[in-house]
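Inspection log for the structure reproduced underneath, given as structure tokens.
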Ligand SMILES: NC(=O)c1ccc[n+]([C@@H]2O[C@H](COP(=O)([O-])OP(=O)(O)OC[C@H]3O[C@@H](n4cnc5c(N)ncnc54)[C@H](OP(=O)(O)O)[C@@H]3O)[C@@H](O)[C@H]2O)c1
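Residue numbers (the working numbering): 1378 to 1621.
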């Protein structure tokens, strides 16, 4: 039976009786704030979604917003802005939205193009933006994230299944996956970290004017991110195709 959430479903209202969905509470109260949604009980979290105005990130934020407090971050749009290529910008964002329970990053630039045409600048784009940007989110986010919180980063299937044109993207995606596996070994306070590896997204292929029949809808890709945030996985690279 479809179960619509209402205030009676919220457990552990905070002491001043505010609706915790609006209150943006993390950390100490995290264990007692729960909702029942579709007959399952969830802990309400404050989740920061980077790239929340993008194709994948919007679908992820919309899916998580059904049960959690969302902070939607874009680059030029969104409720908050960040530039992944700038450590100062990341630091400033994290300070302004802290404390939080989870960080999801569905952003990161890297250049697609023929190997013989790729320049140093093209390679550096992926390294400084998608790879170091996401690594810095974790390094700088650690001092603000709640106990038992989680980080979810984005790689892409080109890490394991390259194609002509992916010479600057494949190593970046593989780097993100390597970082997640290694960093999981050193996460303190029960904090988890995973990467989601999306395949080509249907809406992206459509926007590029390409055959989208083999693409995965962004809403389906989003299920892999929800699994990372709400499940128990740690140090995992979650292939979004397992959710099709
Ligand atoms: N779409 C696919 O088929 C696919 C497949 C595999 C992997 N991926 C990976 O998934 C991630 C998201 O892809 P997408 O297709 O959803 O991207 P998208 O639709 O182009 O959206 C990008 C998002 O990132 C933000 N952004 C842009 N530049 C940024 C910067 N310098 N710092 C921080 N945020 C920035 C954008 O904000 P504004 O809207 O404010 O500009 C937007 O919210 C990327 O890492 C991509 O490599 C995508």
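We put the CB at the ideal spot given by N, CA and C, even for glycine.
{"Query": "Close Cβ partners of residue 1606 (< 7 Å) along its chain, the five nearest in sequence each way excluded", "Result": "1424, 1441, 1479, 1481, 1527 and 1529"}
{"Query": "Strand pairing of residue 1458, partner residues [DSSP]", "Result": "1451"}
{"Query": "Nearest-angstrom Cα separation, counted from residue 1509 out to residue 1468", "Result": "13 Å"}
{"Query": "Closer than 6 Å: residue 1474 CB and nearest ligand 1 heavy atom", "Result": "no"}
{"Query": "Residue 1397 versus residue 1421 - alpha carbon distance", "Result": "Here residue 1397 scores only 39 on pLDDT, less than 50, and its place in the model should not be relied on; the value that follows carries that caveat. Cα to Cα, residue 1397 sits roughly 8 Å from residue 1421."}
{"Query": "Cβ-heavy atom distance, residue 1516 to ligand 1, below 6 Å", "Result": "no"}
{"Query": "Same chain, Cβ closer than 7 Å to residue 1401, neighbours up to 5 away in sequence not counted", "Result": "Reliability of the predicted coordinates at residue 1401 is poor, the pLDDT of 40 falling under 50, and no value is obtained from them."}
{"Query": "Minimum length 3: unbroken beta strand (DSSP E) runs contained in the region 1565-1606", "Result": "1569-1574"}
{"Query": "Contiguous beta strand (DSSP E) assignments of at least 3 residues, all confined to the region 1478-1558", "Result": "1522-1531"}
{"Query": "Where residue 1416 falls, given that 16 or more other Cβ within 10 Å makes a residue buried", "Result": "exposed"}
{"Query": "Burial state of residue 1443, where buried means 16 or more other Cβ atoms lie within 10 Å", "Result": "exposed"}
{"Query": "Within 7 Å, strictly: CB atoms of residue 1602 and residue 1573", "Result": "yes"}
{"Query": "Contact between the region 1561-1578 and the region 1610-1617 (3+ Cβ pairs under 8 Å)", "Result": "yes"}
{"Query": "Inter-stretch contact at 8 Å, needing at least 3 Cβ pairs: the region 1538-1557 / the region 1492-1506", "Result": "yes"}
{"Query": "Cβ-based burial, residue 1566 [other Cβ within 10 Å; buried from 16]", "Result": "exposed"}
{"Query": "CB of residue 1523 within 7 Å of CB of residue 1476, strictly", "Result": "yes"}
{"Query": "Heavy atom of ligand 3 within 6 Å of residue 1588 beta-carbon", "Result": "Annotation note on ligand 3: not contained in the displayed structure, which lists ligand 1 as its ligands."}
{"Query": "Outcome for residue 1493 when other beta-carbon atoms lying within 10 angstroms are tallied against a minimum of 16", "Result": "exposed"}
{"Query": "CB contact flag (residue 1560, residue 1436, <7 Å)", "Result": "no"}
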